[in-house]
Amino acid sequence: MAEASGELEGPDFEKGCKIDQVADGEMFLGHAFGEQVLVARRGDELFAIGATCTHYGGPLAKGLLVDCTVHCPWHHARFDLRTGEAIAAPALNNVACYKIDKREAQFFVTSKIDEKPVRKPKSSPASVVIVGAGAAGGAAAEMLRREGYDRPVRLIGADEFLPYDRPNLSKDYLAGTASEEWIPLRSADFYREQKIDTFTNTSVTAIDPQEKKVTLTDGRSLGYGALLLATGAEPVRLAIPGGDLSHVYYLRTLTDSRRIIDKAKSSKRAVVIGASFIGLEVAWSLRERKLEIAVVGKGSLPLEKVLGGELGTVIRETHEANGVKFHLGRKPAAIQDRHVELDDGTKLDCDLVVVGIGVRPNTAIAKQAGIATDNGVLVDEFLKTNVPGIFAAGDIARWPDPRAGQIRVEHWVVAQRQGQTAARNILGADEVFNLPPFFWSNHFDLHIHYVGHGGGDDRSTVSGNVKAKDASVIFRADQNVTAVASIGRDVENLKAEVALERGNAFRAS
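The opening residue of the sequence shown carries number 435 in our numbering; numbering runs sequentially from there.
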């Protein structure tokens, strides 16, 4: 990034710039007060906000301008041009907002605008209890405060840590290129300042919808005015001999990632069981740590059902070019101290085994309370369950997507955005959740952006050159676009997201 190197790009907006240098509907990068600033134009109006996404530092000037918002090209965070507010995850912090003065044919960025919008919720339940402190739960707790809710908020998590950056656990953190300082989303001080009561190492053992209270593992009871279930999912466990040996690991939590890292330090060879996104990201990350890697997958190509044959082939070739070996069309039959035996008798030597064969939603507590479930907790378009006053979001929520029907997905950004929408609806917003699912996945120098929700039988067409890592794969059911997977085409993926959201036709460049 330019700011990180101390170099500022573009003109100095403090000294003035010609208005006609910014075309209507365009963004223009410059700087003011020692920081990169983005100026955007809508008709006769000019807006100025910070130019760097607060999620991972993405360059907003290379993103997409949509009405009075700018969408980050890296991971699709959205910011309001009028206020600098982060209005859609994964960014949680606002960017700076600046005052612009027009003087004849020029504009000048004159100062930062420090005032924050003051909001008052339409309704305020007596208290809000959030069960689950992952992506959805953490985002919901923050949104309640941003929307002006000033009554008790209680965030209950079974994890030993406060909300953290889960996607990084299988990516840069596991690879050793991101420090643990990056992992917490907020400090303990943040929750204290926001008056969000946090409970770690704590689960809810019972929900009483009639009395509107939950019972905790330590026997205490908490009353609630509104309840959000965000209990997430648990890894599917291997049911084979040796599946419970001490060198067999699953990756879901920060503790899991730490344990894999510690084991990797004394290991030379690892077997990854499952050619899933998690499994392949683990393969990439451990290969960065110089381990020999073998991936076992039951399909003929990695991720073919989700991404299609063209991208599946490129993913395999990218991994193989970096030394990863695949054993596809195979299943593990047994695990022993020094090897994994496959169903064809092949034995793969290893010191470390990581299993990534899927997850199951944690719905037991919901079922016990009489909340409707079916491969997840059933919710309506407002993320409400069938029980008044109880909402659900994240990996457990099965919601009516306007494009794909009733679906449940396990994506970080979806969980955060659902948490934000659920929080607003708890406060009476009646906001329909209609954003298309989005996720990203990294494999060495291959970066995939996927928006929408395709089915296994969808037709796929390729725009561009997949081998050159400059392409979009468009998935269709009948004539309708269901999803778009892109490599090297970040803005195109943003355009696909907007088209899906608005029900518009999408055409790749």
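Heads up, the beta-carbon is just placed ideally off N, CA and C, and yes, glycines get one too. All of these numbers come straight from a predicted model, not from anything done at the bench.
| Asked | Found |
| --- | --- |
| By how many angstroms is the C-alpha of G450 removed from the C-alpha of A438? | Low per-residue confidence applies at A438: pLDDT is 44, beneath 50, and the placement is therefore not dependable, though the value from the model is reported in the following sentence. About 24 Å. |
| According to DSSP, is P601 part of a helix, a strand, or is it coil? | helix |
| Which whole-angstrom value describes the C-beta separation of P524 and W846, a residue pair presumed to lie in contact below a C-beta threshold of 8 Å? | 7 Å |
| Thinking just about the alpha-carbon of each residue, which of V473, F873 and F940 is nearest to the one in I712? | F873 |
| From the DSSP output, which residues share a beta bridge with R476? | E479 |
| Could you spell out where the beta strand (DSSP E) holding K533 opens and where it closes? | C531 to R537 |
| Check the DSSP bridge columns for V793 and list the partner residues they point to. | P669 |
| Under the rule that 16 or more other beta-carbon atoms within 10 Å means buried, what is M435, buried or exposed? | Residue placement at M435 is flagged as unreliable, the pLDDT there being 36, under the threshold of 50; a coordinate-derived value is accordingly withheld. |
| Are the Cβ atoms of W508 and A609 separated by less than 9 Å? | no |
| Tell me the DSSP secondary structure of S439 in three-state form. | Model confidence at S439 stands at a pLDDT of 48, short of 50, so the residue's coordinates are unreliable and nothing is read from them. |
| Is DSSP giving R957 helix, strand or coil here? | No answer is possible for residue 957: it lies beyond the span of the chain, which begins at 435 and ends at 943. |
| Since I believe G582 is in contact with P555 (beta carbons under 8 Å), could you give me their beta-carbon distance rounded to a whole number of angstroms? | 5 Å |
| Assuming D829 contacts A728 under a Cβ cut-off of 8 Å, what Cβ separation, rounded to an integer in Å, is found between them? | Contact doesn't hold; Cβ gap of about 29 Å is too wide. |
| Note down, in chain order, each residue of its chain lying with its Cβ closer than 6 Å to the Cβ of T916, except the 5 sequence neighbours on either side. | G886, G888, D892 and F909 |
| Check the DSSP bridge columns for P618 and list the partner residues they point to. | Y598 |
| Using beta-carbon positions only, say whether D678 and Y684 come within less than 9 Å of one another. | no |
| Could you spell out where the beta strand (DSSP E) holding H883 opens and where it closes? | L880 to G886 |
| Relative to the alpha-carbon of A939, which residue among V925, Q913, Y625 and D924 has its alpha-carbon at the smallest distance? | Q913 |
| With DSSP as the reference, please indicate the residues paired to R893 in a beta bridge. | R910 |
| Check whether the Cβ atoms of V730 and L786 sit closer than 9 Å, and answer yes or no. | no |
| Using the three-state DSSP reduction, which class does R654 fall into: helix, strand or coil? | coil |
| Which residue's Cα is closest to the Cα of L861: D458, V587 and R723? | V587 |
| Comparing C-alpha positions only, which one of R772, V789, R764 and I791 sits nearest to G779? | R764 |
| Between the C-alpha atoms of K739 and L812, what's the straight-line distance to the nearest angstrom? | 25 Å |
| Ends of the beta strand (DSSP E) at W383? | As displayed, the chain neither begins before 435 nor continues past 943, which places residue 383 out of reach and without an answer. |
| Which runs of the alpha helix (DSSP H), 4 residues or longer, sit entirely within the segment 702-771? | 711-722 and 738-755 |
| Take the Cβ of P766 as the centre, count every other Cβ of all protein chains shown within 10 Å, and call the residue buried at 16 or more, exposed below. | buried |
| Using the Cα positions of R936 and R512, report the straight-line distance between them to the nearest angstrom. | 16 Å |
| In its own chain, which residues sit with a C-beta less than 7 Å from the C-beta of V866, not counting the 5 before and 5 after it? | E815 and F816 |
| Does DSSP classify R553 as helix, strand or coil? | coil |
| Hey, how far is the Cα of A827 from the Cα of A856? | 7 Å |
| Thinking I707 and L672 are a contact (beta carbons under 8 Å), I'd like their distance in whole angstroms, please. | 7 Å |
| Could you please give the first and the last residue of the uninterrupted beta strand (DSSP E) stretch that includes T503? | T503 to H505 |
| Between which two residues does the alpha helix (DSSP H) harbouring T855 extend? | W846 to I860 |
| If you run the structure through DSSP and keep just helix, strand and coil, what is L498? | strand |
| Report yes if the CB atom of V925 is closer than 9 Å to the CB atom of G477, and no otherwise. | no |
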